[in-house]
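Undergrad: Questions regarding the structure given below will be posed in turn.
Number of protein chains: 2
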Amino acid sequence: MRSAAVIGTGLIGTSVALALTGQGVTTYLVDRDPEAARTAAALGAGLAATPRAPVDLAVVAVPPAHTASVLKEYQDIGLARFFTDVASVKTRPLMDAASAGCDLTAYVGGHPMAGRELSGPLAARADLFHGRTWVLTPSAFSRAEALHHATELIELCGGRPVIMGHAEHDRAVALTSHAPHMVASLLAGRLLGAETAQLRLVGKGLRDATRIAAGDAALWADIIGSNAGPVGRVLTELAEELCAVVAALRELDDSAAGPRGKGAAELLAALARGEEGRSRIVDAERPADATQAAR
Amino acid sequence: MRSAAVIGTGLIGTSVALALTGQGVTTYLVDRDPEAARTAAALGAGLAATPRAPVDLAVVAVPPAHTASVLKEYQDIGLARFFTDVASVKTRPLMDAASAGCDLTAYVGGHPMAGRELSGPLAARADLFHGRTWVLTPSAFSRAEALHHATELIELCGGRPVIMGHAEHDRAVALTSHAPHMVASLLAGRLLGAETAQLRLVGKGLRDATRIAAGDAALWADIIGSNAGPVGRVLTELAEELCAVVAALRELDDSAAGPRGKGAAELLAALARGEEGRSRIVDAERPADATQAAR
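Residue numbers (full-length UniProt numbering), protein chains in the order written: chain S, 1 to 295; chain E, 1 to 295.
Next comes the structure, spelled out in structure tokens:
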């Protein structure tokens, strides 16, 4: 890959551009806000200009709800030979792109598993994707050359390509990212009713548990809303479990000093499942870390 | 304070003992497992022995369900002139202590807001309580001298004493610690059904959101079960909000590509409340941090 374009110079787009420029790829920066593109260029991310001839690959780095319309717009003017995107949801942009009449043969969906609570070009970092999983979701229409270009992009950014189906991806992020984000937001939202004295008891546990809730609400409403089906299914199951815990606690509360039976056992079982589930994260992390260390 | 005893040489008890010994207080270590007390002593936390004369203050550092019976046992043998504890719940141990016939005039409940995912004496640190809030919940029976001794303990450990009512404390930790722990455990528990491929998409967000779920399930079942009423009330409200979000997502999913109305607005409102609630944590944190920096 010799030339690329990044459409949308926010945190992710500018980080991609910084990485590509750092690897010697001629990178063009495009944003509906010319000021944002110029800021990214001033950071050394590339050229705030539209290329004269089609570049090898364009990266659409805008929120999920706008991904398909932006893809269509820049395919129409022939900005690049191939296109990918970075939206956190993959099914809806693909459906939208099909409805909008995009050239799906030249497109491969992508999702780098990296981010920060901060946003905008000033928060961008060339190494944002180093060692991070970057999912690609080629569709039945995607040409092999489009997938090769997207894979090369990931390698240039230092990421680890993982290929999945778009529906499989969306179910996975519903479980590992979108539903947890929603729950963290509800937990954090409960603090609005808290008295100041209560907030003095906030410790590292709650700070960590609600850190993701600090993310931009409008962007996350778009992400979660665009993956409404899978997220709704995870949260439905979670709501059922939460109601079972509430019932167990009510039983424990009623029998306060008395014998502790079913309620206590259910509470312990739920916490033990959490301890075991949490250990799966650590386990899944280890092989990757070991690979890293061996390099 | 010239002498103290720590009953229960786990993470918290041993950390208290390390801090006291470091401040020149003669500290005795008592544990129903003599090996644990000897380990703490080998770490420099104090003397693995029972004092010949009553010490100034004994710190009961055992799980909430056992706090009152241990308090009774050591009041009966006259281990110390005054007693405090470190249980994460304050109403139930007080009620249990009253039922057991403890001397409530010599007792002040306490709860240091510090901990680690690790447990046991080997995880202890003398600076575990540095700059951390440490709640004291004197009852109507507590003598002023008991409160003075407990306050001195906190100062020796480098913590910041905060006085609250026991019920007020329990409502506050239900909101800021126990309910979030339960929710993090349910989130982490959902990963048990996940496929390995899905776990590859786990990022820092979920790792942080579920970190507290790695805590010892049996200890947390005791803590949450001992605060069943207040935790149940927070989780009931949370379950109601979760059901509203599920309904909003269902509406969004049904109207997939169509116009996005009430569901989208509700989703955004919930996420915006989370963003705002999360900022209350940061706000509450700043003055304290500023004080720290100014010292």
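Think of the CB as a built atom: it goes at the ideal place given N, C-alpha and C, for glycine as much as any other residue.
Mapping DSSP to helix, strand and coil, what is Gly131(E)?
TA: Three-state DSSP puts Gly131(E) in coil, outside helix and strand.
Undergrad: By Cβ distance below 8 Å, which residues in the same chain neighbour Leu104(S) in space, the five residues on each side in sequence not counted?
TA: Excluding positions up to five away in sequence, the list reads Leu94, Ala97, Ala98, Ser139, Phe141, Ser142.
Undergrad: In this structure, does DSSP put Ala294(S) in helix, strand or coil?
TA: Caution is warranted here: a pLDDT of 35 is assigned to Ala294(S), below 50, making its placement in the model unreliable, and the coordinate value is therefore given only provisionally. Helix, per DSSP.
Undergrad: Go through the segment 136 to 184 of chain E residue by residue and report every complete run of the alpha helix (DSSP H) that reaches 4 residues or more, in order.
TA: DSSP runs (the alpha helix (DSSP H)) wholly in the segment 136 to 184 of chain E: 144 to 156, 166 to 173.
Undergrad: In terms of alpha-carbon separation, which member of His148(S), Glu275(S), Ala188(S) lies closest to Leu186(E)?
TA: Of the listed residues, the one whose Cα sits closest to Leu186(E) is Glu275(S).
Undergrad: At what residues does the beta strand (DSSP E) containing Thr84(E) begin and finish?
TA: Note, Thr84(E): beta strand (DSSP E), 80 to 85.
Undergrad: Apart from the five residues just before and just after Val55(E), which ones in its own chain have a Cβ nearer than 6 Å to its Cβ?
TA: Same-chain partners within the cutoff: Ser3, Ala4, Ala5, Ala80.
Undergrad: Compute the distance between the beta-carbons of Leu191(S) and Arg32(E), then report whether it is under 7 Å.
TA: Cβ distance not < 7 Å, so Leu191(S) and Arg32(E) don't count as in contact.
Undergrad: Among the candidates Val246(S), Tyr28(S), Ile223(S), Ala188(S), whose CA atom is the shortest distance from the CA of Asp170(S)?
TA: Nearest C-alpha to Asp170(S): Ile223(S).
Undergrad: Name, please, each residue of chain E whose Cβ falls closer than 7 Å to the Cβ of Val183(S).
TA: Chain E residues near Val183(S): Val183, Leu187.
Undergrad: Can the beta-carbon of Gly189(E) be found closer than 7 Å to that of Gly205(S)?
TA: It is not a contact, given that the beta carbons lie outside the stated cut-off.
Undergrad: Give the straight-line distance between the Cα atoms of Ala194(S) and Leu201(S), rounded to the nearest whole angstrom.
TA: Looking at the two C-alpha atoms, the distance is approximately 11 Å.
Undergrad: Just to make sure I have the definition right: I need the residues of chain E whose C-beta is within less than 7 Å of the C-beta of Tyr241(S). Which are they?
TA: Looking at the sequence shown, residue 241(S) is not Tyr but Glu. Here the neighbours are Leu186.
Undergrad: Looking at the C-beta of Val145(S), does it have a partner C-beta in chain E at a distance below 7 Å?
TA: Checking the displayed sequence, the identity of residue 145(S) turns out to be Glu instead of Val. Taking Cβ atoms only, chain E never reaches closer than 7 Å to Glu145(S), which makes this a no.
Undergrad: May I ask you to list, following chain order, the residues of the segment 209 to 220 of chain E that have a beta carbon less than 8 Å from some beta carbon of chain S?
TA: From the segment 209 to 220 of chain E, only Ala209, Thr210, Arg211, Ile212, Ala213, Ala214, Gly215, Asp216, Ala217, Ala218, Trp220 have a Cβ closer than 8 Å to chain S.
Undergrad: Tell me, to the nearest whole angstrom, how far the beta carbon of Leu47(S) is from that of Ala41(S); I am working on the premise that it is less than 8 Å.
TA: Going by Cβ atoms, the distance from Leu47(S) to Ala41(S) rounds to 6 Å, so yes, they are a contact pair.
Undergrad: Counting along the chain, where does the beta strand (DSSP E) carrying Ile7(E) start and finish?
TA: Residues 3 to 7.
Undergrad: Whole-angstrom Cβ separation of Gly115(S) and Leu18(S), contact assumed at under 8 Å?
TA: Not confirmed; about 15 Å, so no contact.
Undergrad: Using the C-alpha atoms, what's the distance from Met164(S) back to Pro112(S)?
TA: Roughly 13 Å between the two C-alpha positions.
Undergrad: If you follow the alpha helix (DSSP H) that Gly120(E) is in, where does it begin and where does it stop?
TA: Element bounds for Gly120(E): n/a, residue is neither H nor E.
Undergrad: By alpha-carbon positions, which one of Gly8(E), Val25(E), Val282(E) ends up nearest to His149(E)?
TA: Nearest of Gly8(E), Val25(E), Val282(E) to His149(E), Cα basis: Val25(E).
Undergrad: If you draw a straight line from the alpha carbon of Pro230(S) to that of Arg207(S), how long is it in whole angstroms?
TA: Near 27 Å, if we compare the C-alpha coordinates of Arg207(S) and Pro230(S).
Undergrad: In whole angstroms, give me the CA-to-CA distance for Ile154(S) and Val162(S).
TA: Approximately 10 Å, taken between the alpha carbons.
Undergrad: In or out: Gly263(E) buried (at least 16 other Cβ within 10 Å) or exposed?
TA: Counting Cβ neighbours within 10 Å, Gly263(E) comes out buried, since at least 16 surround it.
Undergrad: Excluding the 5 residues flanking Gly78(E) on each side, which residues of the same chain have their C-beta closer than 6 Å to its C-beta?
TA: Correct list, in chain order: Pro54.
Undergrad: Just to confirm the assignment, what range does the beta strand (DSSP E) spanning Gly193(E) have?
TA: Unbroken run through Gly193(E): none, as it is neither H nor E.
Undergrad: Among the candidates Leu118(S), Gln23(S), Gly109(S), whose CA atom is the shortest distance from the CA of Leu219(S)?
TA: Nearest option by C-alpha distance: Leu118(S).
Undergrad: Can you give me the C-alpha to C-alpha distance between Cys243(E) and Ala239(S), rounded to a whole angstrom?
TA: Taking the straight line joining both Cα atoms gives about 7 Å.
Undergrad: Excluding the five sequence neighbours on either side, which residues of its own chain have a C-beta within less than 6 Å of the C-beta of Leu267(E), listed in chain order?
TA: Result list for Leu267(E): Ala248, in chain order.
Undergrad: Using the rule of at least 16 other Cβ atoms within 10 Å of the residue's Cβ for burial, across every protein chain shown, is Pro121(E) buried or exposed?
TA: Pro121(E) is buried by the Cβ-count criterion.
Undergrad: Please classify Thr47(E): does DSSP put it in a helix, a strand, or coil?
TA: Position check: residue 47(E) holds Leu in this sequence, whereas Thr was assumed. Three-state result, Leu47(E): strand.
Undergrad: How would you list, in chain order, the residues of chain E whose beta-carbon sits under 7 Å from the beta-carbon of Val231(S)?
TA: The answer, in chain order, is Leu249.
Undergrad: Let me confirm a value: Thr137(E) is counted as buried when at least 16 other C-beta atoms fall within 10 Å, else exposed. Which label applies?
TA: Buried: at least 16 other Cβ atoms inside 10 Å.
Undergrad: Can you tell me which of Leu252(E), Phe82(E), Phe129(E) puts its alpha carbon nearest to the alpha carbon of Asn227(S)?
TA: The candidate whose alpha carbon is nearest that of Asn227(S) is Leu252(E).
Undergrad: If you reduce the DSSP assignment to three classes, tell me which class Pro230(E) lands in.
TA: Helix.
Undergrad: Please list the terminal residues of the continuous beta strand (DSSP E) segment that includes Leu18(S).
TA: Element bounds for Leu18(S): not the beta strand (DSSP E) but the alpha helix (DSSP H), 11 to 22.
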